[in-house]
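Number of protein chains: 2
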Amino acid sequence: MAVLLADHLRYDFTDPGRAGNDHLIFSKGHASPLLYAMYKAAGAITDDELLTFRRLGSRLEGHPTPRLPWVEVATGSLGLGLPAGVGLAWSGQRLYGSPDRVWVLCGDSELAEGSIWEAFEQAGYEHLDHLTAVIDVNRLGQRGETRHGWDTAAYARRIGAFDWHTIEIDGHDVAAIGRAYDEAVRMSGRPTAILARTLKGRGVAAVENAEGAHGKPLPDPEEAIAELGGIRDIRVRVQVPAVAAARREAITAEHGHVSLPRYPRGEKVATRTAFGDALVALGAARDDVVVLDGEVSDSTRTEGFASKYPDRFFECYIAEQQMVAAALGMQARGLVPFAATFATFFSRAFDFVRMAAISRANLKLVGSHAGVSIGEDGPSQMGLEDLALFRAVHGSVVLYPCDANQTAALLATLAAGRGIGYLRTTRGGTPVIYPPGEAFPVGGSKVLRSGDADRATIVAAGVTVHEALAAADALAADGIAVRVIDLYSVKPVDAQTLRAAAEATGSFVTVEDHWPEGGIGDAVLAAFANGHQPPRVTKLAVHTMPGSATPAEQLHAAGIDAKAIEAAVRTLVDAGQAGAG
Amino acid sequence: MAVLLADHLRYDFTDPGRAGNDHLIFSKGHASPLLYAMYKAAGAITDDELLTFRRLGSRLEGHPTPRLPWVEVATGSLGLGLPAGVGLAWSGQRLYGSPDRVWVLCGDSELAEGSIWEAFEQAGYEHLDHLTAVIDVNRLGQRGETRHGWDTAAYARRIGAFDWHTIEIDGHDVAAIGRAYDEAVRMSGRPTAILARTLKGRGVAAVENAEGAHGKPLPDPEEAIAELGGIRDIRVRVQVPAVAAARREAITAEHGHVSLPRYPRGEKVATRTAFGDALVALGAARDDVVVLDGEVSDSTRTEGFASKYPDRFFECYIAEQQMVAAALGMQARGLVPFAATFATFFSRAFDFVRMAAISRANLKLVGSHAGVSIGEDGPSQMGLEDLALFRAVHGSVVLYPCDANQTAALLATLAAGRGIGYLRTTRGGTPVIYPPGEAFPVGGSKVLRSGDADRATIVAAGVTVHEALAAADALAADGIAVRVIDLYSVKPVDAQTLRAAAEATGSFVTVEDHWPEGGIGDAVLAAFANGHQPPRVTKLAVHTMPGSATPAEQLHAAGIDAKAIEAAVRTLVDAGQAGAG
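Residue numbers (this note's numbering), protein chains in the order written: chain A, 1 to 581; chain B, 582 to 1162.
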């Protein structure tokens, strides 16, 4: 890292957003003291700040986060930094003509993570020659020796098979390190992995190459300082990018007007299709929007964007972790990435979504094929836990449209906002119930049926909105008035409307195409969890493991169709539990 | 598959549990019609049942599940079958002397999944020569050509680099297929990958090697039948295992008495340490218990088991997906696997946990380092979403002990039960408050403070139980009596005790070291979500993104320490909102 900082990195520490700046990612985030020492050497932070390491309030956390302006991606979950670096290098090559290089410091232990091999495959396949992985082969993982110890050839054979250029060096030989960086920079058409054989804790006898010393303070820091040559105050003048490499002209900060698709009321359109249509419209208006897909663009409906804007479409094949990590890397450049796959397959990449929240990332994720309503394909393809997962992401927005116009509007809303947003779409067609142009703010809801005599409230979202409306109509025909709320914003939730409904109608039936835990029912109840009196709630959700069946049979078997909602309302009302509570 | 079934598979379809049976896993689960056709050819299912494919109630689902007795692992999420097969082969080699072989049919598209490369690495490293991957290189993924098309050499180079034996064949050449299987069976010391170049939809002109035909019915099935040679009724006599390969003598169905560790009250012990101690005790009593870890056994505390029972300890290095999948494979043999890593790193393998539920698996997962209470390492290492994730697993049990004796008891309970169980442990020491030997049934809770004059109820679990007790004591000293419930069973939740407390005390404060979504607060409210009147609830949880700080500072900053609980109760009581509601 010293050689990199002194001789190869091009970075303006006074202007982290400067075009042409290189990117340095510590995939081994636990090496944060080294990263912070580099910042100190570069003059970016002071001695005093360095000594706040891991203390309350310090931005020098145990693992690096973008609370520091020079950190683009939070790391600390191993196996993330390299695939995120792929996202930076890939978008750099494709959209900016590679004015910058991406340097990723990896540990040897983390080469066991499959996400690292997704990254090797993607980067080799895309010829990302501006990406360099520096792999610290120090032989020791957290609890002992790694699989391959110091056998850098074992790693080189594997990484080379993925069409990378590999260089094996003694990681303490400064001249060899310099030559390796030179070679990596000269390399054309292939990314480079520098496999550096090192001694962990080198130069401090008490811990050098010792097991059981990982993550522990030195037994005698004064002695260690003396062994390492005494207190020094090394300053490094880091080279700034030679020319202010301009952003590719086509990518501008200005956005045109988004001409969203318009669907006539009553037509049946799948929300995934509306998402795909709206994404094309968004792509026309904003050239900072990029789209990633996990080889299911015909299902998620990103294929329209892919054919219209092939430069801005990134095919990640079936590698959801790499997809989310690449999106994370791309948003670090200021791009607005939308990544799409089946709702349930985001569970594959959930650790990276979690880490994206720590990165304070601007990331839009779109999951199709939500719930049992997909029908015959069975439970492995059904998103039945995605609301629980995405609700549990810090600061996230979770949206679940029920019709095509709502989907288009919510997509535009997602693009306009910052942070991690999730949009849940449905496989089958649902009737258009909202007029084109209707507004759907984040944190809002729509009251679709309402009257003074309402005896209960049905809260639904997505596919169950239509079941709820059918149930309400059947009940109304029988003289039972109920309120219906379309809770399209699952997080943040419209607490005000829910509280008003609780006061007016007393009892709730929540209904969702999702497991009972963590979804709409829990979100509704949580709206009262700051001391407000919650209503009585009957929660309808998927309580049994589905199999194969038609969509209608699935909704019926799960007890979330109109009939089940109607029965639940009748039970509440008959029990005399309805009415202002 | 026809050649395998006729000549190489050793399997007794009349006795799926027969010792020595081979294992056949369709990692490409969407090829289920082929699997079911094999069952039909083997005489295991009838023509009539075959025609129930994907219909309501049929066990022939869109993707295979263990509702069929010959399916050991549900598939349909790509990249799972091979790592699960590694679990079967690894435990077979280590504990049973490899009486059986594991055959895994993989798609070429799924080779993009990192989990597949975790499996290649693990299997090559462990010399699992009884494992054979048959890779259907048909060139076409769901939405078009794969990365490497028909370039089987590209795959062979990669897979070979992971120390597998590879064979490239024409996948329609029956003689070549037979030779490849023979070679795989003879191979010693290395697993074998057979890369079979195939034509997707071969023999049916309308779809052969055609894009856009994936997952769609044939345009003209009658014509296709004619092209394929007309209606036939092929029967295959599948060979049964030559000898009833006995289970290794040491592995018995009988269990000895578990002598759990006993901790004196008042001592400070980390629940992760108690877990590690109890695991050793469990290992002594039951030789069907196996343990897997993701190279953090010094942190999770599985290291005690590892050193005492090295045969039954499986080091997965930092490959959480492979770890969970291996555990899934091992439980298919009747073993009882415990897999451990940091709580938050299970988010890496969550898709496989989800799939394990579809597999009706018996799987025990233990996550350490829960919550902000870990202290300085920062948010990347904190399990703050694990309760939400594991609650959203169908049929799961979620346990969260607060002291050492409770941890030991809950571990024994987990081992005795079936299904997916999750145990959440804490990094730092917590005081022992329960006597050794106390019972903690699944679905129970402990009322730690209770009186007729209780004006509110505090519901806590794990580390916050101790904060809750401190708050209750401070409030009691001020004349405010409160009930305290230790909700160690987060799922299923003790609805009866919670409802009684709601009736008696009117208001709840829930407090958890977790994000506000999907954890203890939501679990408490959900206990009322079948039409019961919920109490007023103030939910204390981690609402802001933590940084680095000491454990005590973290609890304070998150607003989940004794002081915050005390303040929340006072607010509820002062507002006159307490009292029977």
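For glycine and all other residues, C-beta sits at the position ideal for the given N, C-alpha and C.
Since this is a predicted model, take the numbers as computed values, not measurements.
Residue i to residue j span [Cα, whole Å]
i       : j      : result
B:L863  : B:F856 : 10 angstroms
A:P588  : A:G256 : Not covered by the structure: residue 588 of chain A. The range shown for chain A is 1 to 581.
A:D170  : A:D136 : 10 angstroms
B:M619  : B:A583 : 7 angstroms
B:G1032 : A:R391 : 36 angstroms
B:G885  : B:V861 : 6 angstroms
B:R738  : A:R360 : 39 angstroms
B:L873  : B:A865 : 16 angstroms
A:L363  : A:G421 : 6 angstroms
B:A907  : B:G695 : 15 angstroms
B:L586  : A:R301 : 39 angstroms
A:D7    : B:R929 : 36 angstroms
Short CB-CB distance (under 7 angstroms) between residue i and chain A
i       : result
B:D1120 : According to the sequence shown, residue 1120 of chain B is Lys rather than Asp. With 7 angstroms as the cut-off, B:K1120 counts as an interface residue toward chain A.
B:E1147 : no
B:A794  : no
B:D858  : no
B:S1129 : yes
B:F895  : no
B:P1115 : yes
B:F931  : yes
B:G1112 : yes
B:G898  : With the sequence shown as reference, residue 898 of chain B is identified as Tyr, and Gly is not the correct amino acid for it. Yes, B:Y898 lies at the interface with chain A (some Cβ there is under 7 angstroms from its Cβ).
B:I939  : yes
Cβ of residue i within 7 angstroms of any chain B Cβ
i      : result
A:P379 : yes
A:R570 : no
A:E72  : no
A:G323 : At residue 323 of chain A the sequence reads Met, which differs from the Gly that was named. No, A:M323 lies away from the interface with chain B (no Cβ there is under 7 angstroms from its Cβ).
A:E145 : no
A:D151 : no
A:L78  : yes
A:D561 : no
A:H636 : In the structure displayed, chain A extends from 1 to 581; residue 636 of chain A sits before or after that span and is not available.
A:E168 : no
A:L328 : no
A:L522 : Note that residue 522 of chain A corresponds to Asp in the displayed sequence, not to Leu. Yes - at least one Cβ of chain B is within 7 angstroms of the one on A:D522.
Bridge-paired residues (DSSP) for residue i
i       : result
B:Y1003 : B:L946, B:V979
B:C687  : B:I716
A:H466  : Answer by DSSP bridge pairing: none, since A:H466 is not bridged.
A:P337  : A:V290
B:G964  : B:A951
B:A777  : B:D717, B:I750
A:S32   : None; A:S32 has no bridge partner.
B:G1010 : B:A851
Within 7 angstroms, strictly: CB atoms of residue i and residue j
i       : j      : result
A:F352  : A:V398 : no
B:P680  : B:G601 : yes
A:A409  : A:A370 : no
B:G730  : B:R720 : yes
A:G107  : A:E211 : no
A:S507  : A:A562 : no
B:L712  : B:G741 : no
B:G1010 : B:K889 : no
B:V1023 : B:Y844 : no
A:V482  : A:D454 : yes
*When the Cβ atoms of the stretch 9-25 of chain A are set against those of the stretch 70-82 of chain A, are three or more pairs found closer than 8 angstroms?*
Short answer: they touch.
*Meets three-Cβ-pair contact criterion under 8 angstroms: the stretch 383-393 of chain A and the stretch 511-526 of chain A*: Yes: at least three Cβ pairs fall under 8 angstroms.
*Is there contact between the stretch 1071-1079 of chain B and the stretch 1096-1115 of chain B, where contact requires at least three CB pairs shorter than 8 angstroms?*
Because the criterion of three Cβ pairs below 8 angstroms is met, the stretch 1071-1079 of chain B and the stretch 1096-1115 of chain B touch.
*Report yes or no: do three or more beta-carbon pairs, one from the stretch 1052-1060 of chain B and one from the stretch 1108-1120 of chain B, lie closer than 8 angstroms?*
In this structure the stretch 1052-1060 of chain B does not lie against the stretch 1108-1120 of chain B, because fewer than three pairs of beta carbons, one per stretch, are closer than 8 angstroms.
*Any 3 or more C-beta pairs closer than 8 angstroms across the stretch 816-823 of chain B and the stretch 620-627 of chain B*: As far as the Cβ criterion goes, the stretch 816-823 of chain B touches the stretch 620-627 of chain B, which means the pair count is three or higher.
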